[in-house]
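I have placed the structure first, in the form of structure tokens, so that the comments after it can refer back to it.
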Amino acid sequence: MKQGIHWTVWVGTLLLIALHQDVWFWDDHQTMIFGFLPVGLAYHAAFSIVAALWWGAVMVVAWPHHLEAMAEEDTDNP
């Protein structure tokens, strides 16, 4: 993994950790999204989607293809 991508993964991960602590919606029990969904629950649903997309992107960028290629070479020649 390239050094710039390495730092991007770490900064994005730390940002997700910080955003997961949603103290700004803890006391808001009245605001509803779409008229029925509490804002805190909507935030966590959106956060879960963003986190899944983030980790999918990290997997695509940071996957160790060289190790996978070595493993495939070993299975081809028993």
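Counting with this note's numbering, you get residues 1 to 78 for the letters of the sequence shown. C-beta atoms are modelled at their ideal positions from N, C-alpha and C, and glycine is treated no differently.
State the Cα-Cα distance for the pair residue i and residue j, rounded to the nearest angstrom.
i, j, result
"Gln30", "Leu14", "30 Å"
"Pro64", "Phe36", "44 Å"
"Trp7", "Asp28", "35 Å"
Give me the residue from the options with the minimum Cα distance to residue i.
i, options, result
"Trp54", "Gly4, Gln3, Leu16", "Leu16"
"Asp22", "Ala62, Ser48, Val60, Glu73", "Ser48"
Measure the Cβ-Cβ separation of residue i and residue j and say whether it is below 7 Å.
i, j, result
"Ile33", "Ala46", "no"
"Val58", "Val11", "no"
"Val50", "Ile5", "no"
Locate the alpha helix (DSSP H) running through residue i, then write down its first and last residues.
i, result
"Gln3", "3-20"
"His44", "39-62"
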